[in-house]
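The numbers in the sequence shown follow the numbering used here, run straight up by one, and end at 863.
See below for the structure under consideration.
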Amino acid sequence: MLKGANAELAKLTEAPGPVTVALRWSDPSGTGEADVAALLLGPSGKVRGDADFVFYNQSATDDGSVQLLGKSPTGGGGEDRIVLDLAVLSADVERVVLTASRDADATFGELDDLGLTLYDGSGAALLGFDICDAGPETAFVFGELYRRGGGWKFRAVGQGYESGLAGLATDFGINVDDSGEEDAGTAPLDVPVAEESPAGPAPKRPARVRTAKRRSTLPKAPKTDLADHPSWQGARLFPVAGLRNDHEREARATSTLLAVMAQVPEFGRRLTARFNAPAGTVQTFVETSFKTGGRPGSAGREEQGETKVRPDGVIRVARAGRIWTALVETKTGGSPLKADQVEAYLEVASRNGYEAVITLSNDLALDGEHPLTVDKRRLKKVALRHLSWAEVVHEAHMLCHHHGLANPVHTWMLGELLHYLRHDNSGCQGFQDMGASWVPLRNAIKAGTLRPGDRHVARVAENWEKLVRQLCLRLSGETGQTVAPVRRRGRGGDAAARRADTVASLIETGRMAAQVRMPTAGGPVRIEADLRTGQIETSAQIPSAERARALTRVQWLLRQLTEAPPELRIEALGEGRDAGPCELLKNLHSEPGLLVPADGAGIASFRLTLPTGMGTKRGTEEAGFVRSVDAAVDRFYQRVLRAEGSEIHVSV
């Protein structure tokens, strides 16, 4: 849609149920996320009361007609979803305005891929609106839904405010209190109570919505340890002791996760929103069984001519009389998902009217592709979705340490879940193995025998992409910012084409590379693994400081790199040039002029490259490739890009 255009919803879909609006963006500058809000307006163009303002301190209306689902990472950034049940909205609500806001020192002009997508009750996309003209605004109206002729229409607005969320809310009739006072025990609406005077009670001041976030996060500093001996282990809500085999790990991981999803609404909404479930009351179950007439297999056993199928769990979400349901199948450790088992669950889900089958394992799904290949006929009525344990940990970590939760008890409970999932004995550590093809491929590259058509190279290329995706999830959790793989438009945006490029690079040069956007870097960080030399190179290109002479620019850079490793390679690049003078940091401390171009050209930017030894084994052990990639990126990020007091903290 174009800015200012409108569309009638009834002409776009016949699917019943609520609609979902996804506001999306990517954050290449690392300046922080945006927060969505919805305002319900009456005939006057103003809210009827403070309850009509749905935002992070008040995530749903009283009748549940409008609810925030929370943030979810996407392939290139993030999105925030709002569910609207238009049939439940009060008759005197004429418009629902869909907005987002940022902190005072961050603007929407610093975000990329700004836009909105509207989905119907079945999860099908109805329309999209891309915003390309954002600038200094700190609050933005993406669009609005409004009544017209007994139905609903959508208008693409794309208008910003430089006064932030408080200014936007005030314009629509919200009485805002931005005093910033914190009180974890109060409700979202702060109603001051005046003291009585001898002359009688003072008039009550109107209720004010407090737009300052009030969320509980896990404390950074641990509590005082009162144990008498270092060997004492603190009691945990979810113990990892006593897990003797994969079956017990799967059962405990399933029950633990589903229980927390049901008890912590923000966490349950974040996960179920990934599967287009409505925002509502979440109930979860384990030890469920169903009967089906299909052939017996690993999913069940034959009983009186029928197969009894026992999925690991069931999720049910109730909202406005509608119940969304999904079967859950989990695997932990190195246990793989089994196609015949999942197909049996798809059949059961179809027969019982369930919307989805959700699989959880340490594998990662890329570009929406499920790790398993199943009979597509099974997917006509039931959606097959996948979630990695690494993604579960990411969502829990972001809530516990960055976004926060309204209830401190929920924060503690989610922290206990994090402790359990991260423990080695839980089997829920995410992608940890480059697969059986890793060693044969590495040996073929060293021997010079790798040729097109090798059966190992495509598998390693896919696992490399999964490793990079998991690396981004971990870095996002540590920084609180969106770290995502860089996806080139056109050919580079297609998963098959990206893997084909990696395969070709491995065959021709023995290298595979990826780029990720991360905070405090001057541009995308490139990660390149050279299987011939056994080196991992991490690099970034940063703009030089505005100085008159080239030598002064080099000296400026050296002052920022006092803690960087001496083997750091620095290359000076002129405007429009991809190559220039290059030298090691250890040599530049005594002779900075080595980086000054001999032809007198200026220096526009510097390319910083740090080599690190590569692990040869396929897993996460000390000599493993997976661990060495993590170590190489962490070393580059901590010692090069985050030198304390450094001006090198240039936003992406």
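All C-beta atoms, glycine included, are put in the ideal place defined by N, C-alpha and C.
- Counting the other Cβ atoms within 10 Å of the Cβ of Glu-774 gives fewer than 16, which makes it exposed.
- DSSP lists Ala-740 as the bridge partner or partners of Met-723.
- Within the same chain, Leu-337 come within 6 Å of Leu-223 by CB-CB distance, once the 5 residues on both sides are set aside.
- Taking a contact as a CB-CB distance under 8 Å, the pair Ala-672 and Thr-713 counts as one, their CB atoms being some 4 Å apart.
- Gly-804 and Leu-762 do touch by the CB rule: their CB atoms are close to 6 Å apart, below 8 Å.
- With respect to the 7 Å criterion, Gly-491 and Arg-530 are classified as neighbours on the basis of their beta carbons.
- At a Cβ-Cβ threshold of 7 Å, Ala-537 and Leu-583 do not count as neighbours.
- Assignment of His-581 by DSSP, reduced to helix, strand and coil, places it in the coil class.
- Judged by their CB atoms, Arg-463 and Glu-606 are not nearer to each other than the 7 Å cut-off.
- Counting along the chain, Ile-534 sits inside the beta strand (DSSP E) bounded by residues 533–541.
- In this structure, Pro-808 keeps its C-beta atom at 7 Å or more from the C-beta atom of Pro-822.
- Counting only the Cα atoms, Val-603 lies some 16 Å from Gly-289.
- Taking C-beta atoms as the reference points, Val-520 and Val-553 fail to come closer than 7 Å.
- With respect to Leu-469, Thr-499 sits apart: the two C-beta atoms are not nearer than 7 Å.
- Cβ-Cβ distances below 7 Å link Arg-460 to Leu-454, Thr-543, Gly-544, Ser-637 and Gly-638 in the same chain, with the five nearest sequence neighbours on each side left out; the list follows chain order.
- Below 8 Å, enough C-beta pairs join the stretch 473–487 and the stretch 617–626 to call them touching: three or more.
- Contact between the stretch 340–352 and the stretch 299–319 is established, with three or more Cβ pairs separated by less than 8 Å.
- Restricting attention to beta strand (DSSP E) runs no shorter than 3 residues, the stretch 283–327 encloses them at 289–295 and 306–312, ordered along the chain.
- With contacts defined by Cβ atoms closer than 7 Å, Leu-376 and Val-232 do not form a contacting pair.
- Rounded to whole angstroms, the gap between the alpha carbons of Ile-526 and Leu-250 is 30 Å.
- When the alpha-carbon of Gly-362 is set against those of Ala-335, Leu-300 and Gly-346, the nearest one is in Leu-300.
- DSSP places Gly-354 in the strand class (E or B) of the three-state scheme.
- Taking C-beta atoms as the reference points, Leu-280 and Ala-484 count as a pair closer than 7 Å.
- In the structure shown, Asp-238 falls within a coil segment according to DSSP collapsed to helix, strand and coil.
- In this structure, Asp-635 is the residue among Thr-381, Asp-635, Leu-628 and Lys-502 with its C-alpha nearest to the C-alpha of Glu-832.
- For Lys-431, same chain residues with a beta-carbon under 6 Å away, outside a window of 5 residues either side, do not exist.
- Taking all protein chains shown into account, Gln-681 has 16 or more neighbouring C-beta atoms within 10 Å of its C-beta and is therefore buried.
- The three-state reading of DSSP puts Ala-607 in helix, counting H, G and I together.
- Spatial neighbours of Thr-381 in its own chain (CB-CB distance under 6 Å, excluding positions within 5 residues in sequence) are listed in chain order as Val-387.
- The Cβ-Cβ distance between Leu-742 and Ile-781 does not fall below 7 Å.
- Judged by DSSP secondary structure, Arg-463 falls outside any beta strand (DSSP E) and instead within the alpha helix (DSSP H) spanning 457–474.
- About 7 Å separates the CB atoms of Gly-346 and Thr-318; that is less than 8 Å, so the two are in contact.
- The three-state reading of DSSP puts Ser-637 in helix, counting H, G and I together.
- Beta-bridge partners of Gln-278 (DSSP): Ala-271 and Val-294.
- Taking C-beta atoms as the reference points, Asp-303 and Ser-276 fail to come closer than 7 Å.
- Rounded to the nearest angstrom, the Cβ distance from Asp-574 to Phe-642 is 7 Å, consistent with a contact under 8 Å.
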